[in-house]
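UniProt numbering puts the sequence shown at residues 1 to 184.
What follows is a set of notes on a single structure, which appears directly below.
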Amino acid sequence: MKVILLMATTLDGKIGKSPDHFPDWTGKADKKLFVEITKRAGVVIMGSKTFDTIGKPLPDRKNIILTRNKKRISEWENLVFTDESPGAVLEHLAAEGFSEVVLAGGAMVNSLFAEAGLIDEIIVTISPKIFGFGLSLFTQEISMELVLKDVRRLGENLVCLTYSVVNAPLLNHRFGRGFFQVGA
1 MKVILLMATT
11 LDGKIGKSPD
21 HFPDWTGKAD
31 KKLFVEITKR
41 AGVVIMGSKT
51 FDTIGKPLPD
61 RKNIILTRNK
71 KRISEWENLV
81 FTDESPGAVL
91 EHLAAEGFSE
101 VVLAGGAMVN
111 SLFAEAGLID
121 EIIVTISPKI
131 FGFGLSLFTQ
141 EISMELVLKD
151 VRRLGENLVC
161 LTYSVVNAPL
171 LNHRFGRGFF
181 QVGA
């Protein structure tokens with residue numbers, strides 16, 4: 001199962017000003033790339049704060065929402081709330097026939113997958129914005145070695161960088177630790 005972390009950042013490396021900052025600052029070319037990659041994968045994984053900011057599931061894709069709230073129930077066919085570990089989520093998706101998934105944030109979900117050594121590729125679009133403060137890609141210290149695969153311009157003002165992850169963090173097990181154990 002290939003896991004792609006797909007995020008838009010500002011030039012100063014922020015993915016948002018706050019957890020509920022709606023991602024309307026990224027531009028059309030970034031949104032087009034996001035739709036293209038997530039539809040190709042067929043499944044997108046995000047945290048509950050990211051989902052709540054968007055407000056509804058992304059169409060034509062399976063939406064997996066990681067949450068600690070076991071009472072959340074989906075009213076949509078293409079949306080699943082779960083408190084399972086990243087590894088368990090990937091195992092279920094592989095059993096359903098998916099071969100690729102996209103992590104769409106936020107920083108906590110990114111950290112959960114990174115800490116478990118489950119990210120294979122990182123695609124980042126850099127928007128011509130500076131927030132000066134806000135959320136980073138990860139909520140904690142993460143150590144990854146990356147190899148640059150591609151650099152391209154998107155539209156007039158965006159740059160898209162694609163990296164392969166060549167080594168996972170110290171916790172390098174394919175289906176890592178539980179959802180509630182980040183930073184434990």
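Built from N, CA and C at the ideal position, the CB exists for glycine as well.
Beta-carbon separation of residue 107 and residue 136 under 9 Å? Along the sequence shown, read from residue 1 onward, the residue named residue 107 stands at position 107. Along the sequence shown, read from residue 1 onward, the residue named residue 136 stands at position 136. In this structure, residue 107 sits near residue 136, with a CB-CB distance shorter than 9 Å.
Are any of the Cβ atoms in chain D nearer than 9 Å to that of residue 66? Of the protein chains in the structure, only one exists, and it is not chain D.
List the endpoints of the continuous alpha helix (DSSP H) containing residue 139. Against the sequence shown, residue 139 aligns to sequence position 139. Unbroken run through residue 139: none, as it is neither H nor E.
Quick one: is residue 59 buried, meaning 16 or more other Cβ sit within 10 Å of its Cβ, or exposed? Counted from its first residue, the sequence shown places residue 59 at position 59. Only exposed fits residue 59, as fewer than 16 other CB atoms lie within 10 angstroms of its CB.
Which stretch, first to last residue, makes up the alpha helix (DSSP H) that contains residue 54? Here residue 54 is taken as the residue at index 54 of the sequence shown, counted from 1. Its alpha helix (DSSP H) spans residues 48 to 54.
Counted within 10 angstroms of its Cβ, other Cβ atoms place residue 30 as buried (16 or more) or exposed: Working through the sequence shown from its first residue, we reach residue 30 at position 30. Residue 30 counts as buried, since at least 16 other C-beta atoms from the protein chains shown sit within 10 angstroms of its C-beta.
Given this structure, state the Cα-to-Cα distance separating residue 66 from residue 48, to the nearest angstrom. Taking the first residue of the sequence shown as position 1, residue 66 is located at position 66. Taking the first residue of the sequence shown as position 1, residue 48 is located at position 48. Rounded to the nearest angstrom, the two C-alpha atoms are 6 Å apart.
Taking Cβ positions, are residue 81 and residue 3 nearer each other than 9 Å? Start at 1 with the first residue of the sequence shown, and residue 81 comes out as number 81. Start at 1 with the first residue of the sequence shown, and residue 3 comes out as number 3. Judged by beta-carbon spacing, residue 3 lies beyond the 9 Å limit of residue 81, meaning their Cβ atoms are not closer than that value.
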